[in-house]
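Report on one structure; see the data block that follows.
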Amino acid sequence: MSSASPGITPAGSPTITESGVPAGGKRVLLAKPRGYCAGVDRAVIAVEKALELYGAPVYVRKEIVHNRHVVETLRDRGVIFVDETSEVPEGELVVFSAHGVSPAVHAEAAERNLRTIDATCPLVTKVHKEVNRFAKDDYDILLIGHEGHEEVEGTAGEAPDKVQLVDTAEDVDKVEVRDPSKVIWLSQTTLSVDETMERVDQLRDKFPGLADPPSDDICYATTNRQVAVKAMAAECDLVLVVGSTNSSNSKRLVEVALKAGARASHLVDFAHEVDEAWLEGVETVGVTSGASVPEVLVMDLLAWLAERGWDNVDEVTTANEKIAFALPHELRKAAKA
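Counting from 2, one number per residue, gives the positions in the sequence shown under the working numbering.
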């Protein structure tokens with residue numbers, strides 16, 4: 002685990018068990034999987050490795066991942082976050098975030114003689130390659146995603162003349178294609194599975210010949226975290242999701258919890274953001290975290306709950322993740338040198 006996300010259990014944290022929690026009384030159901038996915042871990046470690054190899058400052062375009070704690074920790078270590086590559090001094094090192102960038106961003110970096118490290122999640126890169134493949138075959142590509150999200154901007158930028166963004170049901174009505182027999186849908190990797198398929202059904206009603214992507218675009222970690230929340234939500238009076246407000250997959254977990262039967266659900270970056278009024282009349286609290294959240298923040302929340310009587314924690318496991326991605330090739334090459 003990266004040093005930006007130390008796996009240290011705070012003093013006073015409750016013991017986590019797989020079973021044996023009484024049916025009544027105050028208890029916590031802790032979702033597993035939760036927290037860091039392989040793409041986030043790779044991106045954060047990439048920035049840390051760049052600091053180690055090249056020293057500060059290291060520039061990062063946008064937030065490396067959507068989490069306040071991670072960004073603030075890296076900023077304290079000498080990382081400078083910028084909105085655009087034009088803000089990076091010529092010849093300096095810049096890291097591209099896990100969400101990916103368009104070819105235009107790569108071209109601008111080359112024009113400015115910037116040294117680059119591409120920390121794009123490999124699962125996002127897969128969607129970029131799908132866009133290129135179907136654009137070359139002259140398909141109209143309907144990209145399901147949230148307008149303004151960095152991943153969507155990078156993916157659509159691969160073939161802006163062939164990609165149309167579909168965010169809302171109203172967007173479906175606006176879509177026009179050249180040939181209804183050559184249209185395919187792709188998606189942002191961090192969406193709600195249910196919401197995405199709802200949008201696909203709406204598109205297919207309009208375009209019966211709509212083709213499916215060659216493989217699932219929604220990332221395994223997004224799906225796994227949603228499945229874990231669904232497994233426990235109906236038993237929960239309250240579900241607390243640790244994550245930042247600009248994290249798409251974290252916000253989707255709140256929505257999934259409510260749709261799956263939780264009486265209430267809230268998104269918090271840190272334990273101290275929990276409103277104690279939310280706990281009134283609550284016996285069972287569900288806890289999970291988005292795919293860009295270090296485990297230490299979850300442990301902090303469990304300790305905070307334990308201090309208030311929720312010290313019985315039962316981990317609800319729906320999958321065991323063993324996926325890991327190699328570091329960006331630029332770093333592997335530099336490390337060997």
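Note that beta-carbon positions come from the ideal geometry of N, C-alpha and C, so glycine has one too.
Let's test the definition: count the other Cβ atoms within 10 Å of the Cβ of T289 and tell me whether it reaches 16, buried, or not, exposed. buried
Should A336 be labelled buried (16 or more other beta-carbon atoms within 10 Å of its own) or exposed? exposed
Separation of D162 from V275, as counted between CA atoms: 45 Å
S216 versus K27 - alpha carbon distance: 42 Å
Count the C-beta pairs between the segment 37-50 and the segment 298-307 that are closer than 8 Å, then say yes if the count reaches three, no if not. no
Euclidean distance between Cα positions of A160 and A170: 23 Å
Hey, H100 and K63 are a contact pair by Cβ (cut 8 Å); roughly how many whole angstroms apart? 7 Å
Buried or exposed by the 16-neighbour rule on C-beta atoms within 10 Å, applied to N68: buried
Expressed to the nearest angstrom, what Euclidean distance is found between the alpha-carbon atoms of V286 and S293? 21 Å
Expected contact under 8 Å - CB spacing of V167 and I145 to nearest Å: 5 Å
Is it buried or exposed for T197, if we count other Cβ within 10 angstroms and need 16 for buried? buried
Taking the runs of the alpha helix (DSSP H) that are 4 residues or longer, which of them lie wholly in the segment 196-266? 221-234, 249-260
Assuming A47 and P329 are in contact, meaning their beta carbons sit under 8 Å apart, how far apart are those beta carbons, in whole angstroms? 6 Å
On the DSSP bridge list, what partners appear for V317? A32
Taking DSSP as the reference, what is the three-state secondary structure of S305? The sequence shown places Trp at residue 305, rather than the Ser named in the question. In the structure shown, W305 sits in a helix (DSSP, three-state: H, G or I).
With a threshold of 6 Å on Cβ separation, who are the neighbours of P23 within its own chain once the five nearest residues in sequence on each side are excluded? Below a pLDDT of 50, predicted positions are generally treated as unreliable, and P23, at 45, falls in that range; no measurement from the model is reported.
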